[in-house]
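In this note's numbering, the protein residues as written are 396 to 715.
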């Protein structure tokens with residue numbers, strides 16, 4: 396299916412050794428009943444000497460020291476994430492914290508642990524490795540459709556796992572508290588339907604109607620050459636009409652997505668960037684008895700019988 400363009404004036408075990416004995420002290424094969432047999436004394440010796448020894452006990456204070464050495468640098472790095480501003484500073488802090496989380500996991504994986512801390516230490520190691528991966532994955536790209544790393548971390552599972560593992564060890568007397576960085580909830584920012592994001596002087600007679608039948612909000616931008624004529628916000632399931640469009644040939648771009656970031660002039664999630672392959676031509680001409688001008692309708696969703704095709708646009712090439 397193609398997207399639709401309708402025109403008015405124009406169209407688009409431990410084991411012990413056993414010995415045999417008799418109740419009356421009788422002789423065994425090859426022995427004498429009157430002799431003091433050596434079998435009795437060897438049995439007693441064996442019973443008194445076990446064949447294995449207990450596992451050496453790990454000093455809890457030693458494990459606490461290992462925990463402190465492993466988690467201290469990580470705590471400092473996580474506080475750096477908390478203080479960092481979005482952008483390059485936050486990305487560098489995330490990288491540093493990820494490296495410290497991986498180093499802490501390596502150190503604790505080889506640490507000798509008291510018996511009651513073995514399971515908890517193992518879980519903490521697994522959680523720290525996952526945290527390192529999530530910290531790296533949260534780094535922002537800084538480009539269009541770039542959400543906040545703090546929003547990404549809010550949906551990650553590893554911070555919760557680290558908290559639970561740390562709490563379990565702390566309850567046993569081994570302080571494994573980590574001050575995880577603050578996160579942010581995903582936002583759902585929207586503009587009013589028909590709101591102009593950019594608008595140059597319009598003084599023509601042309602009229603453009605945009606119908607957004609997609610499942611996401613959209614921004615439609617018309618350009619002439621390298622200059623943006625106007626950008627308008629259309630909510631999902633809504634229409635809007637732009638009047639007074641000047642005569643000329645325009646390239647029609649549109650982006651859809653969730654959560655409009657006005658500072659970046661972009662959605663932050665579920666973004667797409669496209670343009671119509673054919674230009675939108677607006678003309679105003681004088682005719683007998685009056686003036687003729689162009690009225691166009693663009694439909695962003697694919698429709699049966701539509702006669703307009705679109706192409707994907709690299710985010711960096713989308714007009715701002």
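Ideal placement from N, C-alpha and C gives every residue a C-beta, glycine not left out. All values derive from a computational prediction rather than experimental measurement.
Spatial neighbours of residue 582 within its chain, please: C-beta separation below 7 Å, excluding the five flanking residues on both sides. Working through the chain shown from its first residue, we reach residue 582 at position 187. Correct list, in chain order: 654.
CA-CA distance, residue 711 and residue 527? Locating residue 711 in the chain shown gives position 316, counting from the first residue. Locating residue 527 in the chain shown gives position 132, counting from the first residue. In this structure, the CA atom of residue 711 is about 29 Å from the CA atom of residue 527.
Distance check for residue 551 and residue 472, CA to CA, integer angstroms please. Residue 472 sits at position 77 when you count from the first residue of the chain shown. Residue 551 sits at position 156 when you count from the first residue of the chain shown. Taking the straight line joining both Cα atoms gives about 18 Å.
Evaluate residue 520 with the Cβ neighbour count: other Cβ atoms within 10 Å of its Cβ, from every protein chain shown; 16 or more gives buried, anything less gives exposed. Position 125 of the chain shown, counting from 1, holds the residue named residue 520. Label assigned to residue 520: buried.
My understanding is that residue 525 touches residue 547, with C-beta atoms under 8 Å, so please give their C-beta distance in whole angstroms. Residue mapping note: residue 525 aligns to position 130 of the chain shown, counting from 1. Residue mapping note: residue 547 aligns to position 152 of the chain shown, counting from 1. Incorrect: roughly 14 Å between the Cβ atoms, too far for contact.
Decide yes or no for the touch test of the segment 499-507 against the segment 464-481: beta carbon pairs closer than 8 Å, at least 3 of them. yes
According to DSSP, which residues form a beta bridge with residue 664? Your numbering for residue 664 matches position 269 in the chain shown. According to DSSP, which records beta bridges pairwise, residue 664 is partnered with 653.
Could you give the first and the last residue of the continuous beta strand (DSSP E) run that contains residue 695? The residue given as residue 695 occupies position 300 in the chain shown. Taken as a continuous stretch (DSSP letters only), the beta strand (DSSP E) holding residue 695 covers 690-698.
Assigned exposure category for residue 601 - 16 Cβ within 10 Å defines buried: The count along the chain shown starts at 1 and reaches residue 601 at position 206. With 16 or more other Cβ atoms within 10 Å, it is buried.
For residue 510, decide whether its Cβ has a neighbour in chain C, counting only Cβ atoms nearer than 8 Å. Absent from the structure: chain C. Only one protein chain is present.
Pairing CB atoms from the segment 677-696 with CB atoms from the segment 640-654, are three or more of them under 8 Å? These segments touch.
Between the alpha carbons of residue 510 and residue 658, how many angstroms are there, rounded? The sequence position of residue 510 within the chain shown is 115, counting from 1. The sequence position of residue 658 within the chain shown is 263, counting from 1. Roughly 54 Å between the two C-alpha positions.
In whole angstroms, what separates the C-alpha of residue 755 from that of residue 492? A question about residue 755 goes unanswered here, because the residues of the chain that appear run from 396 up to 715.
Other residues of its chain near residue 576: CB distance less than 6 Å, five sequence neighbours each side excluded: Counting from 1 along the chain shown, the entry for residue 576 is found at position 181. 473, 476 and 477.
Ignore the nearest five residues each way along the sequence and tell me which others in residue 518's own chain have a CB closer than 6 Å to its CB. Your numbering for residue 518 matches position 123 in the chain shown. Sequence-distant partners of residue 518 (beyond 5 residues in either direction) whose C-beta falls short of 6 Å from its own C-beta, in its chain, are 560.
Which whole-angstrom value describes the C-beta separation of residue 715 and residue 665, a residue pair presumed to lie in contact below a C-beta threshold of 8 Å? On the chain shown, position 320 is the one that residue 715 refers to. On the chain shown, position 270 is the one that residue 665 refers to. Rounded, the Cβ-Cβ distance is 19 Å, inconsistent with contact.
What do you get for residue 514, buried or exposed, if any count of 16 or more other CB atoms within 10 angstroms of its CB means buried? The residue you call residue 514 lines up with position 119 of the chain shown. Per the 10 Å Cβ criterion, exposed.
From residue 620 to residue 595, what distance separates their C-alpha atoms? Your numbering for residue 620 matches position 225 in the chain shown. Your numbering for residue 595 matches position 200 in the chain shown. When rounded, the distance between both Cα atoms is 14 Å.
Suppose you measure from the CA of residue 571 to the CA of residue 632; what does that come to, to the nearest Å? Translated into the one-based positions of the chain shown, residue 571 becomes position 176. Translated into the one-based positions of the chain shown, residue 632 becomes position 237. Whole-angstrom Cα-Cα distance: 51 Å.
Following the continuous beta strand (DSSP E) through residue 601, name the residue where it begins and the one where it ends. Counting from 1 along the chain shown, the entry for residue 601 is found at position 206. Residue 601 -> beta strand (DSSP E) spans 601-607.
Cutoff 8 Å; reference residue 418; Cβ partners in own chain excluding five residues on either side: Within the chain shown, the letter at position 23 stands for residue 418. Model confidence at residue 418 stands at a pLDDT of 41, short of 50, so the residue's coordinates are unreliable and nothing is read from them.
Going by beta-carbon coordinates alone, are residue 693 and residue 605 separated by less than 8 Å? On the chain shown, residue 693 is found 298 positions in, with the first residue counted as 1. On the chain shown, residue 605 is found 210 positions in, with the first residue counted as 1. Yes, the pair counts as a contact, with Cβ atoms nearer than the cut-off.
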